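The numbering of the sequence shown is the UniProt record's numbering, which starts it at 1 and goes up by one. I have placed the structure first, in the form of structure tokens, so that the comments after it can refer back to it.
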Amino acid sequence: MSLLSLPYELLLLIAEHLESETNILAFGKANRRLYHQLNSLLYHYNVQHSGGSALLRTTQHRQETAVQKALRAEVNARGIYHHQALAKASYDGNQAFVRLLLENGADINTQIGVFGNALQAAAWRGREITVRFLLEKGANVNAHGGYFGNALQAASWGCHKETVELLLHSGADINAEGGEHSNALQAASCAGHVAIVEVLLENGADANALRGEYGSALYRASEGGYKAVVELLLDDGADVNAHGGLHGDALSTS
């Protein structure tokens, strides 16, 4: 598979693990499209590690209007990259950039790529402050899309308890279907996150929901050998003989 055929988000994640601006720049120079896509990451790296940026210097010199005009022109172009910029800033928990993008017209609920949307990206990384901000600004807590299907599943898989609780308090559908792990309970169960499974069950997650390739949360926990999660699910009434998905019941994993 060609490197350039990978989704933009995965290229970003690869670049994020490079150790210097020089390495990121060299990676970007491999291809013109890569270079343009990684420009934003170079900027973020410079701010985080070198203490300066063109945008910050411009703002310090009271040239906010010029900055906002340029940013507004980009955001309103509605190109694929600009929607990803909001998701990427949310993923990083970069509050200043999230706010600036939204103030200049970025669509808070745009669905695109692996991240799904800004809220899911922030939830995936447990960026609680950013999640709260996005919700206050009108992000749809039950929006579907992306790798995890919804923000609650992303936060559950990532084992971000406070974020899970915030999403539930904000009206997240605890049994919503979709995404790689079918629902939030399966996501937490397959990763062995005891604390998250407890929170989900306490808030009404269906321990017997049969969805996706693996069928049930009990199957996922059994397959992973997560005894504490299995016990929680059984205590909540999970049916050990329930059949679903492509792999039979939980007993078939033992």
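All residues carry an ideal CB built from backbone N, CA and C; glycine is no exception. Quantities reported herein were computed from a predicted structural model and do not represent experimental measurements.
Are the Cβ atoms of residue i and residue j separated by less than 8 Å?
| i | j | result |
| --- | --- | --- |
| A112 | A139 | For the record, residue 112 in the displayed sequence is Ile; it is not Ala. Contact: no. |
| L119 | V98 | no |
| L200 | I174 | yes |
| A209 | S216 | yes |
| A172 | L152 | yes |
| L102 | K137 | yes |
May I ask which residues mark the beginning and end of the alpha helix (DSSP H) holding residue i?
| i | result |
| --- | --- |
| R127 | Segment: none, R127 is in no alpha helix (DSSP H) and carries neither H nor E. |
| A191 | Here A191 belongs to no alpha helix (DSSP H), and DSSP marks it neither H nor E. |
| A176 | Run containing A176: none; DSSP gives neither H nor E here. |
| S170 | Where S170 is concerned, there is no enclosing alpha helix (DSSP H), given that its DSSP letter is neither H nor E. |
| S156 | 151-157 |
For residue i, collect the residues of the same chain with a Cβ closer than 6 Å to its Cβ; drop the 5 residues on either side in sequence, then sort them by chain order.
| i | result |
| --- | --- |
| S90 | V98, A118, A121, A122, T130 |
| A195 | K161 |
| L232 | V197 |
| G149 | G178, G179 |
| G158 | W124, G126 |
| L86 | L101, A106, A118 |
| T163 | A123, G126, E128, V131, A155 |
| N203 | L168, I174 |
| S170 | L135, V141 |
Any idea if residue i is buried or exposed, counting beta-carbon neighbours within 10 angstroms, 16 or more meaning buried?
| i | result |
| --- | --- |
| K227 | exposed |
| A238 | buried |
Is the beta carbon of residue i within less than 7 Å of some heavy atom of the ligand ATP?
| i | result |
| --- | --- |
| H193 | Among the components of this structure there are no ligands whatsoever, and the ligand ATP is therefore not found. |
Suppose the cutoff is 8 Å on Cβ atoms and the five residues either side in sequence are ignored; what does the same chain contact list for residue i look like?
| i | result |
| --- | --- |
| Q95 | I129, T130, F133 |
| G93 | A122, R125, R127, I129, T130 |
Leaving out five residues before and five after residue i in sequence, what residues of the same chain have Cβ atoms less than 7 Å from its Cβ?
| i | result |
| --- | --- |
| V229 | S189, G192, V194, V197, A221 |
| D236 | L201, A207 |
| Y147 | V114, G116, G179, E180 |
| E177 | N183, R211 |
| G145 | Q111, G116, N117 |
Q.
Which complete beta strand (DSSP E) runs does the segment 193-242 hold, if anything under 3 residues is left out?
A. none
Q) Can you list the alpha helix (DSSP H) stretches of 4 or more residues lying completely in the segment 84-146, in chain order? A) 95-103, 118-124, 128-136
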